[in-house]
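So for the sequence shown, numbering that gives the first Met the number 0 puts the first residue at 0; every next one is plus one. Structure, as structure tokens:
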Amino acid sequence: MAKQHFRYSASILKTGQLLGGLGALLTFMLGSLFLLELPNLSEMDLAQIYKDDYGNVHFDLQILVIVALIGALVAAANRKVKVSLDSETVSIKIPKLTGLGLMGLTTGEHRIPLHTIRKIELTPVTGFRNMAQAIQQSRLSLITDSKTYLLQPYNFLRVGAPDHRLGLAGAFGKPKARVEAIISEAPLVRALSEAAGEARVASTPVDRTGPLAKHFNLLKHRGMLIELVLLSGMGLYALTDYLVLTNYLILGDLPIWPFVSMGLLAGALGIRLGRGAPGPERLGVAAMLCIVAIAATYPGIQRYTLIASPEPVPIAYEMVEAAYFQNSSYPAIDQRDSNIREYWDSLQAGTDFSFSIHKPVLGFAMVDMSPVYEKSRAFYRAGGQ
């Protein structure tokens, strides 16, 4: 038997169809831009696209770059996923950086002698609205005496053979009766069935109408219960401290690393605590924990700044125009959209106004607006509006 090699693809769409869809989307976006009345490119400062008024790269773009880098690393790791099959062994190489382990799939490097495989089991999934979801959730199990190896049956392409994957129309069709037949004919499944010899080949369809179709009780899983407590605690803190800190304004750009660090830490903790729970619930609750942790980081870093710099310092700002203030050592304070605009309009442009500033600890300063609001209330009580 000649050695066969299989490479992994995260998509179940044919390459041409996938590139065609992406090309159509890009064409639509570019066409939309040309329909707009854009300024003359020779007169436009390109730095304005990615920098703010203070010359710093926009926070959104920094997040986008991080996400793109993570995506590139995962894509590079996916290219290293390989399964090889000869007359004696199955070799599996799946780097952990692919993230497939988060879905409960086998990762790492393994050599499995064919004579140790006792059963090859397909688990086609139905109950989803389209074929793509059903196929991605289906599983191929290689069961030996000591271990079970779990793979995605349809995502492995045989090297040197035609692309067996679906087109756009097939991927979004109704999967009710076709999933089992489609994954049974996948190249890796057929090759293993022919090479496994005495191993039994079985198919056990699973109907899953949603992540909670099996009615898994989160409260009966200790780790998931801890996650729910953490979710409630961090959510309550985020809401409470956010409301308490409404009288403070942030000056400067927020640092990215606290948000990224908390998100990664919470996600890893959620995956760890969810061990033993079904995959959808484990990933879903971990994702929520990650999101809530990132949300709680926003008031958290403000609270840390107030703890590390408890005493505000009065800093004189010049009002260069109504409700817009500048200082040579601190970022500008823009109150032109505030709800006390009449109070600001009562002040003379060019005069100095003192703000209470908590000095930077994590790269941004904070303005205590309570004294300002007290002055504005006195102004309105005196009939200044």
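All C-beta atoms in this analysis are idealised placements derived from N, C-alpha and C, irrespective of residue type, glycine included.
Asked	Found
Whether T296 touches P257 by CB criterion (9 Å)	yes
Supposed close pair I182, P152 - CB separation, criterion 8 Å	5 Å
N-terminal and C-terminal residue of the alpha helix (DSSP H) that I255 is part of	Premise fails: I255 is in no alpha helix (DSSP H) and is neither H nor E.
Local Cβ density within 10 Å of Q301, reported as buried at 16 or more and exposed below that	buried
L12 - DSSP class collapsed to helix/strand/coil	strand
Residue range of the alpha helix (DSSP H) that includes I290	G278 to A307
Close beta carbons around G275, own chain, < 8 Å, minus the five adjacent residues each side	H220 and G222
Backbone secondary structure at K213 - three-state DSSP	The pLDDT assigned to K213 is 49, lower than 50, so where the model puts this residue is not dependable; a value taken from the coordinates is nonetheless given after this. Reduced to three states, the DSSP call for K213 is coil.
Distance, S375 Cα to A212 Cα	Low confidence applies here, because A212 scores a pLDDT of 47, under 50, leaving its location unreliable and the question unanswered by this model.
Residue range of the alpha helix (DSSP H) that includes D344	R340 to D344
Which residues DSSP lists as bridging Y372, in chain order	None, per the DSSP bridge assignment.
Reduced DSSP secondary structure (H/G/I, E/B, other) of F27	helix
Where T14 falls, given that 16 or more other Cβ within 10 Å makes a residue buried	exposed
CB contact flag (V188, L121, <9 Å)	yes
Inter-residue spacing [alpha-carbon to alpha-carbon] between M365 and P298	12 Å
Minimum length 4: unbroken alpha helix (DSSP H) runs contained in the stretch 97–164	130–136
Assumed close pair V243, S308 - CB separation to whole angstroms, cut-off 8 Å	With 8 Å as the limit, V243 and S308 do not qualify as a contact, their Cβ atoms being about 17 Å apart.
Backbone secondary structure at Y329 - three-state DSSP	coil
7 Å Cβ shell around L167 - same chain, five flanking residues per side excluded	L12, Q16 and G20
C-alpha gap between M318 and T245, whole angstroms	23 Å
Helix, strand or coil at Q61 according to DSSP, with G and I counted as helix	helix
Nearest to R157 (by Cα), restricted to the options L84, A331 and L288	L84
S10 versus N154 - alpha carbon distance	7 Å
Start and end residues, alpha helix (DSSP H) containing R189	P186 to A194
Same chain, Cβ closer than 7 Å to E87, neighbours up to 5 away in sequence not counted	P112 and L113
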